[in-house]
């Protein structure tokens, strides 16, 4: 049955490190709930009360908008192998963009991927584990290279133009404009 913890334990961190996918949920008053799967090697446990994940450009920027409006975030990990377990991290998240204070410290924990646009810094408020007995047993075949390949081949000017227009969520909440991080390039604040 469910157990709650004030912070991540070593056992939790070990379980998280074995998961090839996790899920991120956010919401804001008057807006729909956003739930997104995340793959690649993009999550780091920075301490028992802090995690961060690398965010690549995709279909929208809902997490950014919701965190600006509300700040609440939930990350969920399911062990698709044995032993059965579900782990949720409840916390408060902050989007950190490449030109902002804190970027260098966070970015140092990751290998930058093509299409990286921000890092979400999450303060852990509580951790919940539950049985996971209803989660199927599955094995990872391979990561899909499509998103990273798309960003690696994209024309930077076209990409910047497309994403500069994404200044609000599906429900009209303001989102901070993001741009892809380019290793070695000077960070500038987009218009």
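In this note's numbering, the protein residues as written are -8 to 182. C-beta: ideal position from N, C-alpha, C; glycine also. From a predicted model like this one, the values you see are computed outputs, not experimental measurements.
Asked                                                                                                                  : Found
Close-in-space but distant-in-sequence residues of the same chain around residue 84 (CB under 6 Å, 5 per side omitted) : 58, 64, 111, 113
Pair within 9 Å by beta-carbon distance, residue 122 and residue 77                                                    : yes
With 16 other Cβ atoms within 10 Å as the buried cut-off, status of residue 2                                          : exposed
For residue 16, the first and last residue of its enclosing alpha helix (DSSP H)                                       : Taken as a continuous stretch (DSSP letters only), residue 16 belongs to no alpha helix (DSSP H), being part of the beta strand (DSSP E) at 13 to 17.
Pair within 9 Å by beta-carbon distance, residue 15 and residue 27                                                     : yes
Any non-hydrogen atom of the ligand MN closer than 8 Å to residue 90 Cβ                                                : You won't find the ligand MN in this model; it holds no ligand whatsoever.
Simplified DSSP state of residue 165, which is helix, strand or coil                                                   : strand
CA-to-CA distance, residue 106 to residue 149, given in whole angstroms                                                : 13 Å
Through-space distance from residue 160 to residue 51, alpha-carbon basis                                              : 7 Å
For residue 4 and residue 185, believed in contact at Cβ under 8 Å, the rounded distance                               : In the structure as shown, the chain begins at -8 and stops at 182. Residue 185 is therefore absent and cannot be evaluated.
With 16 other Cβ atoms within 10 Å as the buried cut-off, status of residue 53                                         : buried
Of the listed residues 165, 21, 79, nearest to residue 116 (C-alpha basis)                                             : 79
Beta-bridge pairing of residue 69 - partner residues as DSSP gives them                                                : 77
Secondary structure of residue 176, DSSP reduced to three states                                                       : Confidence at residue 176 is low in this model, with a pLDDT of 45, below 50, so the placement of that residue should be treated as unreliable; the coordinate-derived value is given next. Residue state, collapsed to three classes: coil.
Coarse secondary structure for residue -8, derived from DSSP in three states                                           : coil
Sequence-distant residues of the same chain with beta carbon closer than 6 Å to residue 45, five excluded per side     : 33, 101, 107, 110
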